[in-house]
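Each protein sequence line maps, in turn, to chains Z, Y and P.
Per the working numbering, residue 12 is the first one in the first sequence, and the count goes up by one each step.
Per the working numbering, residue 3 is the first one in the second sequence, and the count goes up by one each step.
Per the working numbering, residue 5 is the first one in the third sequence, and the count goes up by one each step.
Note that CB positions come from ideal geometry on N, CA and C, so glycine has one too.
Below is one structure, written out as structure tokens, with a few remarks after it.
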Amino acid sequence: MNFWILLAVNSITFGGLLFLLSAGFSLIFGLMRIPNLTHGSLFMLGAYVGATLIMGILSVQLDFWLAAVLSALVVAAFGALIERLLLRRLPGEPLAQVLVTLGISFMVADFCLMVWGGDPISVATPTHLVGFVRYGVAVFPLYRLAIIGIAAVVAVALWLLLERTRLGAMIRAGVDDPDMARVVGIRVSQIFTIVFGLGAALAGFAGIIGGPILSVYPGLDQDMLPLALVVVILGGTGSLLGSFVGSLIVGFLYNFGQALLPELAYFILFLPMLLVLVLRPQGLFGRQLP
Amino acid sequence: MSALTVSALRKSFGGLHVTKNVDLNVEAGERRLIIGPNGAGKTSLFNQITGDLTPDSGTIRLFGQDITQVPAQRRPHLGMARTYQIITLFARDTIVHNVMLALLGLSKSRWNPFISLGRQRHLVEDARRAIDRVGLGHIAERPLAQTSYGERRRVEIAMALAQNPKVLLLDEPFAGLSIDERRDVQKLLLAIPRDVTIVMIEHNMDVALDFADRITLLHFGEVIVEGTRSEVVADPRTREVYLGH
Amino acid sequence: MSRGVLGLAGLAAAFLALVTLPLWLTQIYYVNVASQILFYAIFAFGVNLLLGYAGLVSLGHAGLFGIASYATAYLLAAGWGHPLSIIAALIIGLFSTAIFAALSLRTSGIGFIMITLALGEILWGLAYRWISVTNGDNGINVHTRPTPFGFSLTSAEAFYYVTFVVFLICAILVAIFVRSPLGAALRGTRDQPRRMTALGYHVWMIRFWACMFSGLLTCVAGILFVYYNQFISPQTLALTSSAEVVLMVISGGPATLLGPVVGSALVVIVKSVVSGYIARWNFLLGAIFVAIVILMPEGLVPGTVRLWKLGWRRATTRRPSVLKTGGPPA
């Protein structure tokens, strides 16, 4: 009994991390019409930067949460730079933009290998969140509950941002029809940078708060990017609700797959994706892929 | 004998009805002009006739055969050809290659991966004949990227004619042409024999008026008036649509 | 001398050079590099068929390449003979390609990239985790090479010649295909898919057959690869492998015959030379990728030709980018 509950909690936790990762991925896709293939790298970069800050550089050790926020900011700046300096040079050439993001992802992966080496780095759980919560016979790891809480808060905040603010309205207009948005005077190019930075920040943040669970290792980017892709193919591009539902589905499939059929865990993800592709190619909550 | 019959055709996107219960009957050999202001649903109607768009309801018949469910790529094989309002050609290839693609589309050898396309003498000759017909024989080998807008309009028509259609759908063949070029295209269209049925969309009423046997006026996806040239011109509803209330 | 004669002479010279290569490249190391260039060129032919001629960028082809490699290695390890293993690997590879194509051809453009990437990653994940079949990270060893007609392929020279013959056959097949009606139709679906439908072409089916041909070439290359290395591991299916071959195509020049060969030579040589000095191949791969996409989007072969012409004719036309999605307005 406890096994199943724990597995479910792990699934939701992983789904929460995936949501943080894929919400930005989905928004960038919705707005710029490209899958940002650096997204896995941004996740990994956030994890490495955060882990370094926590372990301490120059004998200054940072608090876990401060480190998480700082690494999110670093990754956000990096993402915004990619958009400004490279993608900006290829307007109207989505294919070239995708290939550029792919090239950057290789550079980031090799850079991380060079700086942090090939051995996995484990990130300590923040001390105040070590331990368990008991409810009846069930035992819940505190830190995992915290991640679920954070993901829920971010989901609500993102929803408010998109639905209730001026910036959100402009982003939605850009997702619906970039040309029209430009005509009505929205500075789409600035919004591109903001959304790219925001997506990068979320990915980097997810990377470090996922650290105590996943640890940080070379190849983490290649493990996460396809999951984000599957989430977006399942949920539909540019849809926050789609990312949310898709993340939970993938979280459950992945964890239950790992626990029950570890050899085919990766393959099991493939089945719902296949079903969605055949029955509803635009994803559960999305519009047609361009 | 009816060449093309559209009955009770409906299509909407979300709340926008682009085709509202359209009936259209074009006799074999007829020249039909479809007019209407921007957004009247003319091109959407064409797209449903050619199968680019699937209608929500209604039927389309070609020489009596119900083709509503026939996939778009089968319809040219049944004798239907079209041109596009926005020029849709193969910009990296020569004019003759463009027209050869049109011919190849109806030939069984389009599936052949082993023979050389350039050595298919009959295709090359047929293509050149179609190009001569639109008066571009002297530049047949020219890459499309180096041709003028007016020449491309004629390549559009050459591709449709090369397929030897029974029903030819022309979507604004005069769009963007100078007065001289319009006259040339007009001559070219008048030379098409009467065993080809032609349905032509024109946004501008006076351009192709004397070409048509009958005229259909569309407005907001509905047939407003249909009749001979003089009937449609004389009808007060035509004036209303074109001049406002 | 006319251009045609010049081209023919160049081809003949290249052919002679390749036939006599083991005679003037006496070091086994270089003969092996040449073999690698040739089988990667076959792989690049396959990817170019989709990327260059169909406008479909696949980031999952290393998965198909890997399926053929793993199938060969697995069947050999299971005790099957060489001819049977090779034939079975081709059949398994083509069957997988058909599924791959049926799923990914539901879209084109960016959607195609995403789905092929996801499929490629799933195949990589399978190779990595399905340990009872693939032996996981340890990979599968292939202990012997085949001996066609009693001709042993153990030496680097012998393997080179077989690879060369297979390469020639593939190159000729591709050359015939791109000049054929089906090849012309495929290019048509790249530039104006809607128009092609209106002209009576079955766009989906044309793309499907292109995928199958591409898959065949990819699987042939994969089988040569596994015999060359006598080893296969999940690394071969990684996204970097798919990206490497895409880089070969776009650096050499998409939709050209020579481009994939030049690109393969470039990538293989740079990779062998660079890995002799530093271990940072992936960083360089990424950097070259970014640089080529931004600076020379039409590829090295057409790009060099363009710069060459620019030098003494001052052509003023804008560079054409094959990386643009959607049909160019005429």
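Item to complete: Compare the C-beta of Ile-39 of chain Z against all C-beta atoms of chain P and say whether one is closer than 8 Å.
Response: no
Worksheet item: Mind checking Ala-234 of chain Y: buried by the 16 CB within 10 Å criterion, or exposed?
Response: Note on identity: in this sequence residue 234 of chain Y is Val, with Ala being the wrong assignment. Buried.
Worksheet item: Is the CB-CB distance between Val-169 of chain Y and Val-201 of chain Y below 8 Å?
Response: Yes, Cβ-Cβ distance for Val-169 of chain Y and Val-201 of chain Y is below 8 Å.
Discussion item. Please state whether the Cβ-Cβ distance between Arg-199 of chain P and Thr-90 of chain Y is less than 8 Å.
Written reply: yes
Fill in: Interface flag, Met-43 of chain Z vs chain P, CB-CB below 8 Å
Cβ-Cβ to chain P under 8 Å: no for Met-43 of chain Z.
Discussion item. Would Ala-160 of chain Y and Val-101 of chain Y qualify as a contact pair, given that the criterion is a beta-carbon distance under 8 Å?
Written reply: yes
Worksheet entry | Beta-carbon proximity list for Leu-173 of chain Z, same chain, < 7 Å, skipping 5 on both sides | Gly-179, Ile-182, Arg-183, Leu-251
Discussion item. With a threshold of 8 Å between beta carbons, is Thr-101 of chain P in contact with chain Y?
Written reply: no
Fill in: Own chain partners of Val-158 of chain P with C-beta closer than 7 Å, once the 5 adjacent residues on each side are dropped
With the sequence shown as reference, residue 158 of chain P is identified as Thr, and Val is not the correct amino acid for it. Excluding residues within five positions, the ones whose Cβ falls inside 7 Å are Arg-149.
Item to complete: Determine whether the Cβ of Pro-185 of chain P lies closer than 8 Å to any Cβ atom of chain Y.
Response: yes
Worksheet entry | Option in Z:Asn-266, Z:Val-261, Z:Phe-267 with minimal Cα separation from Phe-281 of chain Z | Z:Val-261
Worksheet entry | Secondary structure of Pro-152 of chain P, DSSP reduced to three states | helix
Discussion item. Distance cutoff 8 Å, beta carbons only. Does Val-287 of chain P sit that close to anything in chain Z?
Written reply: The sequence shown places Phe at residue 287 of chain P, not Val. Taking Cβ atoms only, chain Z reaches closer than 8 Å to Phe-287 of chain P, which makes this a yes.
Discussion item. For Gln-67 of chain Y and Gly-51 of chain Z, I'd like the C-alpha separation in whole angstroms.
Written reply: 55 Å
Practice prompt. Please list, in chain order, all residues of the same chain as Met-216 of chain P whose beta carbon is under 8 Å from its beta carbon, the five residues on each side excluded.
Written response: Once the five neighbours on either side are set aside, the close Cβ partners of Met-216 of chain P are Leu-98, Thr-101, Ala-102, Ala-105.
Worksheet item: Listing by chain order, which chain Z residues have their CB less than 8 Å from the CB of Phe-293 of chain P?
Response: What Phe-293 of chain P touches in chain Z: Leu-110, Val-111, Leu-113, Gly-114, Phe-117.
Worksheet item: So Ala-247 of chain P packs on Leu-63 of chain P, CB below 8 Å; how close in whole Å?
Response: Rounded, the Cβ-Cβ distance is 7 Å, consistent with contact.
Worksheet item: Taking a cut of 8 Å between CB atoms, which residues from the stretch 44-77 of chain P lie near chain Z?
Response: Val-61, Leu-63
Discussion item. Tell me which residue opens and which closes the alpha helix (DSSP H) that Val-137 of chain P is part of.
Written reply: 135-138
Discussion item. Counting only Cβ pairs nearer than 9 Å, list the residues of chain Y close to Ile-180 of chain P.
Written reply: In chain order: Pro-115, Phe-116, Ile-117, Ser-118.
Worksheet item: So what does Pro-152 of chain Z bridge to, in DSSP terms?
Response: Z:Phe-143
Worksheet item: Around the C-beta of Tyr-265 of chain Z, are 16 or more other C-beta atoms found within 10 angstroms, so that it is buried, or is it exposed?
Response: Counting Cβ neighbours within 10 Å, Tyr-265 of chain Z comes out buried, since at least 16 surround it.
Worksheet item: Whose C-alpha, out of Z:Val-206, Z:Leu-209, Z:Ala-87, Z:Leu-124, is nearest the C-alpha of Phe-287 of chain P?
Response: Z:Leu-124
Worksheet item: Alpha carbon to alpha carbon, how far is Thr-260 of chain P from Ser-226 of chain Z?
Response: 45 Å
Worksheet item: Taking Arg-84 of chain Y as the reference, which of Y:Gly-16, Y:Asp-54, Y:Gly-139 has the closest Cα?
Response: Answer by Cα proximity: Y:Asp-54.
Worksheet item: Between Gly-192 of chain P and the rest of its own chain, which residues show a CB-CB distance below 6 Å, the 5 nearest in sequence each way excluded?
Response: Met-200
Worksheet item: How should Met-221 of chain Y be labelled, buried or exposed, when 16 other C-beta atoms within 10 angstroms of its C-beta is the threshold for buried?
Response: A small correction: the amino acid at residue 221 of chain Y is His; Met does not occupy that position in the sequence shown. Flag for His-221 of chain Y reads buried.
Worksheet item: According to the Cβ coordinates, are Leu-106 of chain Y and Leu-125 of chain Y closer than 8 Å?
Response: yes
Worksheet item: Are the stretch 85-100 of chain Z and the stretch 52-72 of chain Z touching by the rule of at least three beta carbon pairs closer than 8 Å?
Response: yes
Worksheet item: What's the call for Ser-112 of chain P, buried or exposed, on a 16-neighbour Cβ count within 10 Å?
Response: buried
Fill in: Partner residues on chain Z for Ser-136 of chain P, Cβ-Cβ distance less than 8 Å
Glu-274
Item to complete: State whether the stretch 28-42 of chain Z contacts the stretch 201-214 of chain Z, with contact taken as three or more CB pairs (one from each stretch) at a distance under 8 Å.
Response: yes
Worksheet item: If we ignore side chains and look at the alpha-carbon of each, how far apart do Ala-58 of chain P and Arg-194 of chain P end up?
Response: 5 Å
Discussion item. Among Y:Arg-12, Y:Gly-60, Y:Gly-31, whose alpha-carbon lies nearest the alpha-carbon of Gly-43 of chain Y?
Written reply: Y:Arg-12
Worksheet item: Can Ala-177 of chain Y and Gln-87 of chain Y be called in contact, C-beta distance under 8 Å?
Response: yes
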